[in-house]
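Q: For what it's worth, the working numbering labels the leading residue of the sequence shown as 16, then goes sequentially.
Glycine residues also receive a C-beta, built at the ideal position from the N, C-alpha and C atoms.
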Amino acid sequence: MEISAELDRWGHTDLFAETERLASTVPEERAWQWPLSPLGETELGRRMAGFDDVRWRVLGLWAQHRLSGPHYDRLAEEIASRVARRKLKWTTEEADLLWRLCHGREDNGYIALCRLTLPLTATASLPHDMRRRYVEQAERVRKTLGDHEWPSRAGTARRLDDFLAEHADAADPVSAVRALLGERDRFAATLVADFGAALAAPEVFPLLRHWHGATAAKPSGVWLATAGKLLTPEAVVLVREILQRLSAHREGPVTFRHDDREWTTTVFLHDRTATPLRGLIWTCRLIDEPWVTALLGDCAVTCGTGIGGSGPNCRDERLANAAVGALAHRGGLDTVPHLARVQAKVRKKTVLAGVARALDAVAEAAGLSPERLLDRTVPTFGLGPGGVREEPVGDCLVRLRADTQALEFVNARGKTVKAAPAAIRKDPALAELKATLKDLRQLLPAERFRLERALIEERIWRWREVTEFFLDHPVTGLYARTLIWRILQGPAGIPVRTDDGWELTDPAGRRIQPDPNTPLHLWHPIGETPEAVRAWRDHLLDAGVRQPFKQAFREVYLLTPAEERTGTYSNRFAGHTLRYGQAKALLNQRGWSGPSIGHWDHEFGSDRGAAVKDLSGYRVRWAMSVNGDPEADGWGTASFCASEQIRFYRPDEDDTDVYGYARDGMPLTEVPPLVLSEALRDADLAVGVTSIGLDPHMVAGHEDYWHSHGFGELTETARTRRDALARLLPRLSLAGRAELTDRFLRVRGDLRTYKIHLGSGNILMEPNDAYLCIVPGPDRSEQPVFLPFEEDGGMLSIILSKAFLLAGDTAITDPTITRQIGG
Numbered sequence: 016m017e018i019s020a021e022l023d024r025w026g027h028t029d030l031f032a033e034t035e036r037l038a039s040t041v042p043e044e045r046a047w048q049w050p051l052s053p054l055g056e057t058e059l060g061r062r063m064a065g066f067d068d069v070r071w072r073v074l075g076l077w078a079q080h081r082l083s084g085p086h087y088d089r090l091a092e093e094i095a096s097r098v099a100r101r102k103l104k105w106t107t108e109e110a111d112l113l114w115r116l117c118h119g120r121e122d123n124g125y126i127a128l129c130r131l132t133l134p135l136t137a138t139a140s141l142p143h144d145m146r147r148r149y150v151e152q153a154e155r156v157r158k159t160l161g162d163h164e165w166p167s168r169a170g171t172a173r174r175l176d177d178f179l180a181e182h183a184d185a186a187d188p189v190s191a192v193r194a195l196l197g198e199r200d201r202f203a204a205t206l207v208a209d210f211g212a213a214l215a216a217p218e219v220f221p222l223l224r225h226w227h228g229a230t231a232a233k234p235s236g237v238w239l240a241t242a243g244k245l246l247t248p249e250a251v252v253l254v255r256e257i258l259q260r261l262s263a264h265r266e267g268p269v270t271f272r273h274d275d276r277e278w279t280t281t282v283f284l285h286d287r288t289a290t291p292l293r294g295l296i297w298t299c300r301l302i303d304e305p306w307v308t309a310l311l312g313d314c315a316v317t318c319g320t321g322i323g324g325s326g327p328n329c330r331d332e333r334l335a336n337a338a339v340g341a342l343a344h345r346g347g348l349d350t351v352p353h354l355a356r357v358q359a360k361v362r363k364k365t366v367l368a369g370v371a372r373a374l375d376a377v378a379e380a381a382g383l384s385p386e387r388l389l390d391r392t393v394p395t396f397g398l399g400p401g402g403v404r405e406e407p408v409g410d411c412l413v414r415l416r417a418d419t420q421a422l423e424f425v426n427a428r429g430k431t432v433k434a435a436p437a438a439i440r441k442d443p444a445l446a447e448l449k450a451t452l453k454d455l456r457q458l459l460p461a462e463r464f465r466l467e468r469a470l471i472e473e474r475i476w477r478w479r480e481v482t483e484f485f486l487d488h489p490v491t492g493l494y495a496r497t498l499i500w501r502i503l504q505g506p507a508g509i510p511v512r513t514d515d516g517w518e519l520t521d522p523a524g525r526r527i528q529p530d531p532n533t534p535l536h537l538w539h540p541i542g543e544t545p546e547a548v549r550a551w552r553d554h555l556l557d558a559g560v561r562q563p564f565k566q567a568f569r570e571v572y573l574l575t576p577a578e579e580r581t582g583t584y585s586n587r588f589a590g591h592t593l594r595y596g597q598a599k600a601l602l603n604q605r606g607w608s609g610p611s612i613g614h615w616d617h618e619f620g621s622d623r624g625a626a627v628k629d630l631s632g633y634r635v636r637w638a639m640s641v642n643g644d645p646e647a648d649g650w651g652t653a654s655f656c657a658s659e660q661i662r663f664y665r666p667d668e669d670d671t672d673v674y675g676y677a678r679d680g681m682p683l684t685e686v687p688p689l690v691l692s693e694a695l696r697d698a699d700l701a702v703g704v705t706s707i708g709l710d711p712h713m714v715a716g717h718e719d720y721w722h723s724h725g726f727g728e729l730t731e732t733a734r735t736r737r738d739a740l741a742r743l744l745p746r747l748s749l750a751g752r753a754e755l756t757d758r759f760l761r762v763r764g765d766l767r768t769y770k771i772h773l774g775s776g777n778i779l780m781e782p783n784d785a786y787l788c789i790v791p792g793p794d795r796s797e798q799p800v801f802l803p804f805e806e807d808g809g810m811l812s813i814i815l816s817k818a819f820l821l822a823g824d825t826a827i828t829d830p831t832i833t834r835q836i837g838g
């Protein structure tokens, strides 16, 4: 055979035969059994320890010969990997032979990658000018691989890409960039198209090749030192531009091809793209520019949130962790708002753990707790006490307003207009204000989240801290000034500004002036009398105070006799059919992780799971299961899920056993009332927003549930909605045409009388209770009436919109509605 003739000319034939004999001493079951027995226990393994350079090279040739055969040889692959890890003096003839043996019968891409290990290793030991002779053969292998790659051989694929990039066509420099990045997702294609020439420039390309090797979880000191030597001003400019693109990038459909197959899937970033981007993010540790921190925060949020911007998983966990790590490395108070935004948006525990460590480190350096550190580091964006910033731009005055989250323009004639005058549209000062507005819009939801979490966790501050870091703050104050604050074990009030600072006023108008050291917390209705709660609700409506989340109108869930009987679990929100994807996204936004259920592997429990939340030191577990047709779902992710029991666990308890089954929870009578109430409130919200009983049309196979939920008894959320409507109706123009019953808002039109269910928003028409289907429009941003809270799900505004529409039913022109009314 050819290899024997080659080795005979080199005097290695006997060594090759000896290797063949020694290999036969390895047990045959190594070819397929797992786990493998140690190779060192065989005669070949023992002899390998004493091999010299020549024998190691012959052993590698033997392995390559076996790998070029028609069948996969596991032992040959293992030996090839061992030989490749040694620094050997390969000759040109041996490299030629290894490359020729690389092109055996191609069973699949994995075997092709196995055959590449030694040729690439031998080629790397040759002089640079001699390596080019193998480019054509390397390109043949890359073409063979197609779009598919094997994670266990990703390192070999990267070495192949790097080799091709090193010897790319000098007449087409971008081809070198294409070789490293590929074009296997939309972002990689963008990088090649928009930045290819800049990345291929001599000032940047060596750093790009270095990024291509960012395969570890964290950058080593050696890696960063090399990056520092390769970093140039031209590369710094590209880092900023690429990170801006990455923070705005979203997943999309990508078509892959392998052999004769073609398939399309949703991709955020391909592994081949993510690796150099991780290196790029690591390099930000070496760049001392003011824009770095904000861009790292943007990228951490983009990569750390799930597909579609929500969910317990990450678009790319590696890049999210890299960005958080770079923020942690920078340290300093300016990183805190960006870490807080990641904490508010991301649900992946590994990423959140990195954020917590980073915040702890900054807090320790500042001598504060992480919570108090966040209080002190919320940016003001240059806004004045009223939440307004004014900047002259050209001959105009531009106002940045926190309350409307918009820019206002006062032109040269003194007239306020919404759009920027043409003369200043390209002014850098306006671009800076637009960037600030973007940052403000991103911060406000994080501040809302932080305040609601403080309410649930019963955080305590001193009055001087409340006034300085909340009430006087131009951003956080937008929310804090509308909330009810309570002196510890004392009276409560809404903040009112006076000539001397701030006071609290209660619904009766009484003023309270706390001492600077007085401890306060956010008021929660769970510990209040019904009379006190009613007084606060009336006061909010009378004063026109709109709260950022439900506080005065917050639902309270007390332990029921049925839950006392079940003991360790609650069935209050069991038995509902929910839209799985929607329920999962909503719960993720509320701080729950999971569940991940579907039809793919029922034997191993893929049809059952749980949403889990850590709440004030306790763990809550809400069990769920698949409820749908596997054929209709394509044997993949479930369209519908069934809600089951809710259990609670102490801080030191596991919620599952070694087999993954739920353990018995703690007695519900021992769960702190606030923890119980807030967990059940989330469950009620999920049911109230994602139940199929809310659908305008019945879902096939779930007709009974649709009727029972769509028109049945009200949940606590719906009862709170009814209470709000009872206060709102007398103030509305339709008051003479509407009345509240136990479950419905009854509206009298000129043609029919309509009953709008206060839980689902579904409508029945009198006298025969015929169902009326009205689908809310896509834009419900304009409320028909003032609402005292920003309600999750928007059902109260939907009900009011339907009521106003039906009260004037003779003016309805939509034929899809008029046909139903007339019928």
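#1: Can you give me the C-alpha to C-alpha distance between threonine 132 and threonine 241, rounded to a whole angstrom?
#2: By how many angstroms is the C-alpha of glycine 609 removed from the C-alpha of asparagine 603?
#3: Just curious, the alpha helix (DSSP H) that cysteine 299 is in, first and last residue?
#4: Would you grab the beta carbon distance between aspartate 622 and arginine 742 for me? Rounded to a whole angstrom, and I think it's under 8 angstroms.
#5: How should asparagine 873 be labelled, buried or exposed, when 16 other C-beta atoms within 10 angstroms of its C-beta is the threshold for buried?
#6: Between which residues of its own chain and asparagine 532 is the CB-CB distance below 6 angstroms, once the five residues before and five after are set aside?
#7: For the alpha helix (DSSP H) that contains glycine 703, what are its first and last residues?
#8: Which class does glutamine 660 belong to by DSSP, given the choice of helix, strand or coil?
#9: Taking 8 angstroms as the threshold, find out whether the region 338 to 354 comes into contact with the region 371 to 378 through three or more Cβ pairs.
#10: Answer yes or no: do glycine 839 and alanine 381 have a C-beta to C-beta separation smaller than 7 angstroms?
#11: Could you pull out every unbroken beta strand (DSSP E) segment of at least 3 residues lying fully inside the region 552 to 591, listed in chain order?
#12: For lysine 453, does the three-state DSSP call read helix, strand or coil?
#13: Can you tell me whether glutamine 660 is buried or exposed? The criterion is at least 16 other CB atoms within 10 Å of its CB, across all chains shown.
#14: Report yes if the C-beta distance between alanine 378 and leucine 388 is below 7 angstroms; otherwise report no.
#15: Using a Cβ-Cβ cut-off of 7 angstroms (strictly less than) and excluding sequence neighbours within five positions of glutamate 58, which residues of its own chain qualify?
#16: Could you give the C-beta distance for cysteine 314 and alanine 338, rounded to a whole number, given that I count them as a contact under 8 angstroms?
#17: Assuming contact is defined by CB atoms lying nearer than 7 angstroms, are arginine 561 and proline 803 in contact in what I supplied?
#18: Tell me the DSSP bridge mates of threonine 883?
#19: On the DSSP letters alone, give me the boundaries of the alpha helix (DSSP H) that phenylalanine 220 sits inside.
#20: What is the C-beta distance between serine 706 and histidine 591, in whole angstroms, given that I count them as a contact (C-beta under 8 angstroms)?
#21: With distance defined between alpha-carbon atoms, name the residue in Leu141, Leu82, Arg594 nearest to histidine 118.
#22: With a cut-off of 8 angstroms on the beta carbons, I'd call leucine 301 and leucine 253 a contact; round off their distance for me.
#23: What residues in its chain sit with their C-beta under 6 angstroms from that of methionine 780, if we drop five residues either side in the sequence?
#24: By the DSSP assignment, the alpha helix (DSSP H) with alanine 212 in it spans what residues?
#25: Kindly list the residues whose CB is nearer than 7 angstroms to the CB of leucine 760, restricted to its own chain and excluding five residues on each side of it in sequence; keep chain order.
#26: For tryptophan 278, count the other beta carbons within 10 Å of its own beta carbon; 16 or more makes it buried, fewer makes it exposed. Which is it?
#27: Hey, quick one: how far does the beta strand (DSSP E) through isoleucine 94 stretch, first residue to last?
#28: Please look up how many angstroms separate the CB atoms of aspartate 699 and glutamate 731, rounded, as I've assumed it's under 8 angstroms.
#29: Just reading off the alpha helix (DSSP H) that isoleucine 858 is part of, what are its end residues?
#30: Could you tell me how far apart the beta carbons of threonine 451 and phenylalanine 396 are, in whole angstroms, since I believe they sit closer than 8 angstroms?
#31: Can you find the residues in the same chain that come closer than 7 angstroms, C-beta to C-beta, to alanine 229, ignoring five residues on each side of it along the sequence?
#32: Which residue or residues does DSSP assign as beta-bridge partners of tryptophan 306?
#33: Please name the residue in Leu116, Val192, Asp187 whose C-alpha comes closest to that of arginine 173.
#34: Excluding five sequence neighbours on each side, which residues of the same chain lie with their C-beta closer than 7 angstroms to the C-beta of threonine 513?
#35: May I have a chain-ordered list of the beta strand (DSSP E) segments no shorter than 3 residues that lie completely inside the region 721 to 775?
#36: Would you mind giving the Cβ-Cβ distance between proline 134 and leucine 113, rounded to the nearest angstrom? I have them listed as a contact below 8 angstroms.
A: Result, derived from the coordinates:
#1: Straight across, the Cα-Cα distance linking threonine 132 with threonine 241 is about 25 angstroms.
#2: About 7 angstroms.
#3: From DSSP, cysteine 299 is part of no alpha helix (DSSP H); its letter is neither H nor E.
#4: Contact between aspartate 622 and arginine 742 fails: their C-beta atoms lie close to 45 angstroms from each other, not under 8 angstroms.
#5: Because the chain is modelled from 16 through 838, residue 873 falls outside the range shown and cannot be assessed.
#6: The beta carbon of asparagine 532 lies closer than 6 angstroms to those of Arg477 in the same chain, with the five residues before and after it left out.
#7: Here the alpha helix (DSSP H) through glycine 703 covers 688 to 705.
#8: In the structure shown, glutamine 660 sits in a strand (DSSP, three-state: E or B).
#9: Yes, the region 338 to 354 is in contact with the region 371 to 378.
#10: In the structure displayed, the chain extends from 16 to 838; residue 839 sits before or after that span and is not available.
#11: Whole beta strand (DSSP E) segments, 3+ residues: zero.
#12: In the structure shown, lysine 453 sits in a helix (DSSP, three-state: H, G or I).
#13: Taking every protein chain shown into account, the CB of glutamine 660 has 16 or more other CB atoms within 10 angstroms, so this residue is buried.
#14: In terms of Cβ geometry, alanine 378 and leucine 388 form a close pair [threshold 7 angstroms].
#15: Within the same chain, Cβ atoms closer than 7 angstroms to the Cβ of glutamate 58 are found at Leu37, Thr40, the five residues on either side in sequence being excluded.
#16: Cβ atoms of cysteine 314 and alanine 338 come within 8 angstroms of each other, at about 5 angstroms.
#17: Pairing arginine 561 with proline 803 gives a Cβ-Cβ distance under 7 angstroms.
#18: With the chain covering 16 to 838 only, the question about residue 883 has no answer from this structure.
#19: 220 to 226 is the extent of the alpha helix (DSSP H) around phenylalanine 220.
#20: Their Cβ separation, rounded to whole angstroms, is 5 angstroms, which keeps serine 706 and histidine 591 in contact under 8 angstroms.
#21: Residue Leu82 is the option with its Cα nearest to histidine 118.
#22: The distance from the Cβ of leucine 301 to that of leucine 253 is about 14 angstroms, inconsistent with a contact at the 8 angstroms cut-off.
#23: Arg767, Tyr769, Leu787.
#24: Annotation for alanine 212: the continuous alpha helix (DSSP H) segment containing it runs 201 to 215.
#25: Annotation for leucine 760: Leu740, Ala753, Ile771, Leu773, Ile814, Ala818 place their beta carbon closer than 7 angstroms to its own, counting only its chain and skipping 5 residues before and after.
#26: When all chains shown are included, tryptophan 278 counts as exposed.
#27: Careful: isoleucine 94 lies outside any beta strand (DSSP E), inside the alpha helix (DSSP H) at 89 to 99.
#28: Contact flag correct, Cβ pair sits at about 6 angstroms.
#29: Because the chain here runs from 16 to 838, residue 858 falls outside it and cannot be looked at.
#30: That belief holds up - the Cβ atoms of threonine 451 and phenylalanine 396 are roughly 5 angstroms apart, short of 8 angstroms.
#31: For alanine 229, where only same-chain residues beyond five positions count, the Cβ hits under 7 angstroms are Thr290, Pro291, Arg293, Gly294, Trp297.
#32: The secondary-structure analysis by DSSP pairs tryptophan 306 with nothing; it has no beta-bridge partner.
#33: It is Val192 whose Cα lies nearest to the Cα of arginine 173.
#34: Counting only residues of its own chain and dropping the five nearest sequence neighbours on each side, threonine 513 has no CB closer than 7 angstroms to any other CB.
#35: The region 721 to 775 contains these whole beta strand (DSSP E) runs: 753 to 755, 759 to 763, 768 to 772.
#36: Their Cβ separation, rounded to whole angstroms, is 4 angstroms, which keeps proline 134 and leucine 113 in contact under 8 angstroms.
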